[in-house]
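See structure below.
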């Protein structure tokens, strides 16, 4: 019953889609979320096949690609005002042929799509994903749980490439603004870097390196209430942070 | 006569193209060349309109996107075996509508294209560009001469984005291998960085920073024959260079 419904939905969508969208181009947003502890990624479980996919979509015939990506994300998750960055184009000729194999070739969704990947990293507590009608659910999945998730097409590869790009990015751009509370401790900042890198960092090295970047301001207050020694609080030096965002951390 | 010929060619190409290529997707390679002094970019002057364009092309219906980019570059310039990196997707809805305005809308080339940009940086002396039949010429243009060049569509924007990506890249990845002679002086290496960045660098700062990266090996010989004091020769430390290429120069 559910399977038949999802088939009917896909066939109905196919008819509309041929009118509205460009063929062969799709977009896939990879939205990472940080919850002060770990990294998650936003995925939709589709009614059809019960497999998970990135909340992607198509480009309207008369719409800029950048606008399409924002519209897709909003329609699939309810998220607005996200700053997304393009990180890769996925163009293998057979990347999605298996997924719709029990439809005939006239299905819009079954054609060959070259997909443009975009990523963003957000504070996950500020985003409440809402599933669209094609999806059973749209939710945060911890990166550590991804191996057990049934991801369709090449979406595992797309997520991995997004993560690699994010990891590369933090070697030359500052990060943390909008992800941490306004006042934070160095252990909290270190946790963010460790969540992104997926590995533990040496505390002494991390403190030395992060302080050398010149983007932190030490405040005249400590975090109170913990079991341990009250740790110093920091905030970002807005001016230097912005400069580093524009010019990079290690510019020549 | 030349104008009529180029129109005929485009019309003939359009018929073939509809058979062979996916609609709406194109690829544009931005090939930078270094000649030990300055940076150049590879451009084709089209017979039609006499304007300059990147040596781009389309994706065959049954071809991986990556393979398409290499085929396009070879067919348009004669260059083979280039390692290209994707740096941006250009998807404004009106990005190319003016260029083919004196054709009707059935022309394959006139439809809306979302173009994927790829860049590479090569030793320009190793590449001998050859124009295809659509182009009057395919040649190296110095970046400093670009303002005087009549570039069509949004190709100036594409080149600028490629250059920004390259500049960002050298803040976290080593560069120089294959661009410099096997043994080089620090002034020669500095010239490469200055050519990419488009600005002069302070010599002392540059020497200190580049040596700190740990990718150079000082040789037991000097460059002879110049008017000035014989400068020390260096080569890249292959192992460290490779490691830095994989992990980045400033990894956490």
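Protein chains in written order, with this note's numbering: chain F, 1 to 252; chain G, 253 to 504. Cβ coordinates follow ideal geometry from the N, Cα and C atoms, glycine included.
With the rule of 3 Cβ pairs closer than 8 angstroms, the stretch 167-181 of chain F counts as touching the stretch 231-250 of chain F. For the stretch 306-346 of chain G, the continuous alpha helix (DSSP H) assignments of 4+ residues that do not extend past its boundaries occur at 317-329, in sequence order.
Per DSSP, the continuous beta strand (DSSP E) segment holding residue 42/F begins and ends at 39-46. Under the Cβ criterion of 8 angstroms, residue 274/G is counted among the residues facing chain F. Shown in chain order are the members of the stretch 442-456 of chain G whose Cβ falls below 8 angstroms from a Cβ of chain F: 445, 449 and 453.
For residue 422/G, the neighbours in chain F by C-beta distance under 8 angstroms run, in chain order, 252. Taking C-beta atoms as the reference points, residue 286/G and residue 403/G fail to come closer than 8 angstroms. Each of 37/F, 64/F, 61/F and 130/F was checked against the Cα of residue 80/F, and the nearest Cα belongs to 130/F. The alpha-carbon separation between residue 239/F and residue 221/F amounts to approximately 21 angstroms. Contact holds between the stretch 54-72 of chain F and the stretch 20-30 of chain F, because three or more Cβ pairs, one in each stretch, are under 8 angstroms apart. For residue 165/F, the secondary structure class from DSSP, reduced to helix, strand or coil, is helix. Contact check for residue 446/G against residue 295/G fails: the beta carbons are separated by 8 angstroms or more.
With a threshold of 8 angstroms between beta carbons, residue 64/F makes contact with chain G.
Secondary structure of residue 353/G (DSSP, three-state): coil. Comparing C-alpha distances from residue 213/F to each of 187/F, 126/F, 185/F and 236/F shows the shortest one belongs to 236/F.
Annotated as proximal: residue 88/F and residue 117/F, with beta-carbon spacing under 8 angstroms.
For residue 190/F, the enclosing alpha helix (DSSP H) stretches over residues 186-197. By the Cβ-count criterion, residue 428/G is buried, with 16 or more other Cβ atoms from all chains shown falling within 10 Å of its own Cβ. At a cut-off of 8 angstroms between C-beta atoms, residue 18/F does not count as an interface residue with respect to chain G. With contacts defined by Cβ atoms closer than 8 angstroms, residue 107/F and residue 10/F form a contacting pair. Residue 368/G is bridged by DSSP to 279/G and 341/G. Not a single CB atom of chain G sits nearer than 8 angstroms to the CB of residue 139/F.
Relative to residue 389/G, the option among 280/G, 259/G, 298/G and 288/G whose CA is nearest is 298/G. At the C-beta level, residue 357/G and residue 91/F stay beyond 8 angstroms of one another.
For residue 337/G, no CB of chain F lies under 8 angstroms from its own CB, so it is not counted at the interface with that chain.
Apart from the 5 residues on each side of it in sequence, residue 371/G sits with its Cβ closer than 8 angstroms to the Cβ of 281, 282, 283, 284, 336, 337, 339, 414, 417 and 418 in its chain, given in chain order. Just so you know, the alpha carbons of residue 72/F and residue 198/F end up roughly 29 angstroms apart. Distance from the CA of residue 438/G to the CA of residue 378/G, rounded to the nearest whole angstrom, comes to 22 angstroms. Taking 9 angstroms as the Cβ-Cβ cut-off, the stretch 356-370 of chain G approaches chain F at 364, 366 and 368, given in chain order.
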